[in-house]
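Sequence lines, in order, name chains A and B.
Positions 0 to 471 (numbering that gives the first Met the number 0) are the ones given, in order, by the first sequence.
Positions 0 to 471 (numbering that gives the first Met the number 0) are the ones given, in order, by the second sequence.
All C-beta atoms, glycine included, are put in the ideal place defined by N, C-alpha and C.
This one's a predicted model, so the numbers in the text were calculated from it and none came from an experiment.
Accompanying notes for the structure given below.
2 protein chains.
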Amino acid sequence: MGFKYTEVESTIISYLEKGLLKPGDRLPSLRKLSVTLGVSLSTVNQAYLNLEKQGLIEARPRSGYYVLSYPNHQLDYPKSPQTDFTPRTFKRKDLILEVLNVLGNEQLLPLGIIAPHPSLLPLKELNRAMRSVLQENRAEILNYEKVEGNFLLRKQISFEYLDIIPSLNPEDMLITNGAMEALSLAVRTLTRPGDNVLIQSPTYFCFLQFLENYGLRAIEIPSNPKRGINPKDVREALDRFEVKACIFSANFNNPDGSLTTEEQKKEIVALLAQKEVPLIEDDVSGDIYFGVHRPKAFKTYDQKGLVVYCSSFSKTLCPGYRVGWILPGRFYKKVYELKATTSVSSTTLCQLALAEYFKNNSYTKNLKKLNKLIELQMKNILVAINKYFPKGTKATSPQGGSVLWLELPLQIDSILFFQKALELGISIVPGNIFSTQDRFKNFIRISCNGLWNKEVENGIARLGQLAYELIN
Amino acid sequence: MGFKYTEVESTIISYLEKGLLKPGDRLPSLRKLSVTLGVSLSTVNQAYLNLEKQGLIEARPRSGYYVLSYPNHQLDYPKSPQTDFTPRTFKRKDLILEVLNVLGNEQLLPLGIIAPHPSLLPLKELNRAMRSVLQENRAEILNYEKVEGNFLLRKQISFEYLDIIPSLNPEDMLITNGAMEALSLAVRTLTRPGDNVLIQSPTYFCFLQFLENYGLRAIEIPSNPKRGINPKDVREALDRFEVKACIFSANFNNPDGSLTTEEQKKEIVALLAQKEVPLIEDDVSGDIYFGVHRPKAFKTYDQKGLVVYCSSFSKTLCPGYRVGWILPGRFYKKVYELKATTSVSSTTLCQLALAEYFKNNSYTKNLKKLNKLIELQMKNILVAINKYFPKGTKATSPQGGSVLWLELPLQIDSILFFQKALELGISIVPGNIFSTQDRFKNFIRISCNGLWNKEVENGIARLGQLAYELIN
Numbered sequence: 000m001g002f003k004y005t006e007v008e009s010t011i012i013s014y015l016e017k018g019l020l021k022p023g024d025r026l027p028s029l030r031k032l033s034v035t036l037g038v039s040l041s042t043v044n045q046a047y048l049n050l051e052k053q054g055l056i057e058a059r060p061r062s063g064y065y066v067l068s069y070p071n072h073q074l075d076y077p078k079s080p081q082t083d084f085t086p087r088t089f090k091r092k093d094l095i096l097e098v099l100n101v102l103g104n105e106q107l108l109p110l111g112i113i114a115p116h117p118s119l120l121p122l123k124e125l126n127r128a129m130r131s132v133l134q135e136n137r138a139e140i141l142n143y144e145k146v147e148g149n150f151l152l153r154k155q156i157s158f159e160y161l162d163i164i165p166s167l168n169p170e171d172m173l174i175t176n177g178a179m180e181a182l183s184l185a186v187r188t189l190t191r192p193g194d195n196v197l198i199q200s201p202t203y204f205c206f207l208q209f210l211e212n213y214g215l216r217a218i219e220i221p222s223n224p225k226r227g228i229n230p231k232d233v234r235e236a237l238d239r240f241e242v243k244a245c246i247f248s249a250n251f252n253n254p255d256g257s258l259t260t261e262e263q264k265k266e267i268v269a270l271l272a273q274k275e276v277p278l279i280e281d282d283v284s285g286d287i288y289f290g291v292h293r294p295k296a297f298k299t300y301d302q303k304g305l306v307v308y309c310s311s312f313s314k315t316l317c318p319g320y321r322v323g324w325i326l327p328g329r330f331y332k333k334v335y336e337l338k339a340t341t342s343v344s345s346t347t348l349c350q351l352a353l354a355e356y357f358k359n360n361s362y363t364k365n366l367k368k369l370n371k372l373i374e375l376q377m378k379n380i381l382v383a384i385n386k387y388f389p390k391g392t393k394a395t396s397p398q399g400g401s402v403l404w405l406e407l408p409l410q411i412d413s414i415l416f417f418q419k420a421l422e423l424g425i426s427i428v429p430g431n432i433f434s435t436q437d438r439f440k441n442f443i444r445i446s447c448n449g450l451w452n453k454e455v456e457n458g459i460a461r462l463g464q465l466a467y468e469l470i471n
Numbered sequence: 000m001g002f003k004y005t006e007v008e009s010t011i012i013s014y015l016e017k018g019l020l021k022p023g024d025r026l027p028s029l030r031k032l033s034v035t036l037g038v039s040l041s042t043v044n045q046a047y048l049n050l051e052k053q054g055l056i057e058a059r060p061r062s063g064y065y066v067l068s069y070p071n072h073q074l075d076y077p078k079s080p081q082t083d084f085t086p087r088t089f090k091r092k093d094l095i096l097e098v099l100n101v102l103g104n105e106q107l108l109p110l111g112i113i114a115p116h117p118s119l120l121p122l123k124e125l126n127r128a129m130r131s132v133l134q135e136n137r138a139e140i141l142n143y144e145k146v147e148g149n150f151l152l153r154k155q156i157s158f159e160y161l162d163i164i165p166s167l168n169p170e171d172m173l174i175t176n177g178a179m180e181a182l183s184l185a186v187r188t189l190t191r192p193g194d195n196v197l198i199q200s201p202t203y204f205c206f207l208q209f210l211e212n213y214g215l216r217a218i219e220i221p222s223n224p225k226r227g228i229n230p231k232d233v234r235e236a237l238d239r240f241e242v243k244a245c246i247f248s249a250n251f252n253n254p255d256g257s258l259t260t261e262e263q264k265k266e267i268v269a270l271l272a273q274k275e276v277p278l279i280e281d282d283v284s285g286d287i288y289f290g291v292h293r294p295k296a297f298k299t300y301d302q303k304g305l306v307v308y309c310s311s312f313s314k315t316l317c318p319g320y321r322v323g324w325i326l327p328g329r330f331y332k333k334v335y336e337l338k339a340t341t342s343v344s345s346t347t348l349c350q351l352a353l354a355e356y357f358k359n360n361s362y363t364k365n366l367k368k369l370n371k372l373i374e375l376q377m378k379n380i381l382v383a384i385n386k387y388f389p390k391g392t393k394a395t396s397p398q399g400g401s402v403l404w405l406e407l408p409l410q411i412d413s414i415l416f417f418q419k420a421l422e423l424g425i426s427i428v429p430g431n432i433f434s435t436q437d438r439f440k441n442f443i444r445i446s447c448n449g450l451w452n453k454e455v456e457n458g459i460a461r462l463g464q465l466a467y468e469l470i471n
């Protein structure tokens, strides 16, 4: 009788979660653990092999198993921004457009755009799924899909995220053209020109484009680069202003990588529920986690249908398929109507192929592999930054997501830095486009596509040198 | 020397255009024409075969060649609506949503949704194109396409439409998620809540959804079911009101099938240019023409970049690919920015496959075939309507597009008709959703997917019986 190997596995995982085992620690030998737990050697062996496959531990030749560790660096964390709740209209459009134009340029070293390197995506599996859909030569694949999207795909996504969003139902979901369409539908559903909207500071620059294009006023809530949004700040803003909606990203906020804790998420959702203020949640980075468990979402704690959850598979599977999804809660009808008059429906073929992919492949397994590579690249970039950048450079070391947020010495203007980097053939994103104010003018965002190599290291070295030049 | 067969072909086509040869007329015998034109028999034969392939003439056994004729009917044309320029806000959303929900229902006889029958689409050719794109297993197919869309595809579309839009340039174009996204981007680019917008009456119900969702005021310009928009009406509306934009469909307006003549198009564009008022042009039906030449567009006559041209391949090739295009003229930058924050870019794979399709296939040949079938179905439906519907029923007999616009006896309420038809398993669209006013409450729209068969005839018969019942 006794333990099965999955139970051994969970035991180790619980040690990791409680911090009883830390990165770099040696695990008990097979023999020792088999005696301690009273199970066979092969059971322990099977468990260790599984943990290795998940990227949690690594075998070192002639030395045993170790908790996976990454290179270390000694960079300080950037500080949390000051609190300043003044509602603001602003002009960032032209600057953002200038940056956007650069991000798509394939000639540049891509430290600007957020997308996994194509070689790390499951191309063969996706193409196989696509071919199998084509094989049947069914004329329906040329037809419009339903406004709300393919039912099978919605069902499979529901299964996949049931742990994160309890009682997730395919009927509550619409498929969108990436998370961008989901977010755009949400903002257009919930706001009218002149409305106040709470955003994080720093926040994804695209939200600033929404606000500026739709004539909204931004109230910035400081995002602590480690702990994300403080419920106290949300409470104060709600008390002082009439707020129509919030746009928050709890899991690995772009650009600061902050993770708003579960307790804070719960408290913020409760606060908003009291005042019936809707929350637009961007969770595209939630699947890119380096810990054992995927973090939950604001939506996890939503009792009143006030959280409009937006996500996609663009950061983990297939950016070019343009498949995202939205859970509009109580705003379903309005979102449905706007989707019908924005794009009618999303591409039929991509939805069918993705449904087929989910049927035959493990999305989670794909994530584990990808996330491990992103984490590895991130840690290596941090070591390189520590080596090549001037003293006083600070950087985040997030627990997930695919961006690093760098605070450069105060003399450096990030827009100039962006332009000079461009001349060096490198794209990065200047801090100024992540806020309505100039508070991040000496910050830059560096994104990680999962590939660590000489070219990237050289790029970081050149950026470091540029930073030195700009100081003098 | 003498005539080549293409010259014989153009001679016949010019006779058709001038009305010297009419549907049903017998063409000169091969021998006679060969003598008249002084060319060989085989030259004339080649020309006739080509004209037959294009669906312009038909061979009748032991009788010779005839100009293709369709069955006749004796239905009157509906009258032009009254002029009433009052700017209006309105509530049609819920009714439109009710209709939209029905249109997607595959259990119903589809006389409501506008989409060619899947069996008439070039499935094999498109699948071949898609497979050839997949074959290379290039990782790039999973990546984001440019915001403005794939360059090759834009180039091929430019070639295809050079006759319609002189000096069309791939750089002036963005690929969108169907014409719907193009139109939605255009409206959001050009208007702010409270603005006056000129629309046709009747107009595509989706434009009413735009106006209602964005808080715009509609000024309705009567659409003559034969000749479309009268420039005089546009002039008067522009004189009386501050107009921010027009949304017009010159070619086979949905639902009345009207064709605004080239002279009128030219005059309207000139009028708008004088006052610098932008025109959003929906040309999705322009490719579905039954005459010899495709009609031109408002955009053809646009000198000042004020016409924002929107179209797609959803009515002719592949609705489910969601590929449309927009020529934003002088509003390019704003449209680009909105596209980037609405869906980032359109599906990479579908754009690549469509570019591949255009490279290897004749889009025009595909159109000729499809258009001939739609025209044939349309004429047959009209004959059936004449047979099965009550006296006093009027109907359009458009020169293109895929909808028929029926005026039923005044006692009939089209919403009740819509609901009762639904009970009979048939989807149609009630006239009331094509205007801000109740002026079309005894009208219905019937769409033609290109398939004429017993099932469709029975459907029309049942609708006719329903009309009789609703009169009593």
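CB contact check: residue i to chain A, cutoff 8 Å
i, result
"B/Gly483", "The requested residue 483 of chain B is not part of the displayed model; chain B covers only 0 to 471."
"B/Cys482", "Absent from the structure is residue 482 of chain B, since the part of chain B shown begins at 0 and ends at 471."
"B/Ser446", "no"
"B/Lys364", "no"
"B/Leu96", "yes"
"B/Ser131", "no"
"B/Tyr143", "yes"
"B/Ser426", "no"
Residue i versus residue j: straight-line alpha-carbon distance, rounded
i, j, result
"B/Leu29", "B/Thr10", "14 Å"
"B/Asn136", "A/Glu124", "11 Å"
"A/Leu326", "A/Val306", "8 Å"
"B/Arg91", "B/Glu180", "21 Å"
"A/Pro478", "B/Arg234", "Coverage of chain A is limited to positions 0 through 471, which leaves residue 478 of chain A absent and any answer about it impossible."
"B/Gly1", "B/Gly18", "Residue placement at B/Gly1 is flagged as unreliable, the pLDDT there being 49, under the threshold of 50; a coordinate-derived value is accordingly withheld."
"A/Tyr69", "A/Asp24", "12 Å"
"A/Ile470", "A/Lys264", "40 Å"
Proximity below 8 Å, CB of residue i to CB of residue j
i, j, result
"A/Val43", "A/Val7", "yes"
"A/Leu403", "A/Thr395", "yes"
"B/Ser477", "B/Ala138", "As shown, chain B starts at 0 and ends at 471. That puts residue 477 of chain B outside it, with no answer to give."
"A/Ala296", "A/Glu280", "yes"
"A/Asp232", "A/Arg216", "no"
"B/Glu406", "B/Phe433", "no"
"B/Phe388", "B/Gly463", "yes"
"B/Thr340", "A/Cys205", "yes"
"A/Val66", "A/Leu96", "no"
"B/Pro230", "B/Glu266", "yes"
"A/Leu108", "A/Glu336", "no"
"A/Pro169", "A/Phe150", "yes"
"A/Gln199", "A/Ile218", "no"
CB contact below 8 Å: residue i versus chain B
i, result
"A/Gln199", "no"
"A/Gln208", "yes"
"A/Thr190", "no"
"A/Lys90", "no"
I want to know whether the region 131–145 of chain B touches the region 240–254 of chain B - three or more CB-CB distances under 8 Å.
no
Taking contact to mean at least 3 C-beta pairs separated by less than 8 Å, is the region 361–371 of chain B in contact with the region 341–348 of chain B?
no
Within the region 377–448 of chain A, ranges of the alpha helix (DSSP H) (whole runs, at least 4 residues)
413–422
Would you call the region 441–457 of chain B and the region 105–120 of chain B touching, i.e. three or more CB-CB distances under 8 Å?
yes
Would you call the region 98–105 of chain A and the region 142–153 of chain B in contact, with 3 or more CB pairs under 8 Å?
yes
So within the region 213–262 of chain B, which uninterrupted beta strand (DSSP E) runs reach at least 3 residues, ignoring any that extend past its ends?
216–223 and 244–247
Completely contained alpha helix (DSSP H) runs for the region 111–151 of chain A, where each covers 4 or more residues:
122–134
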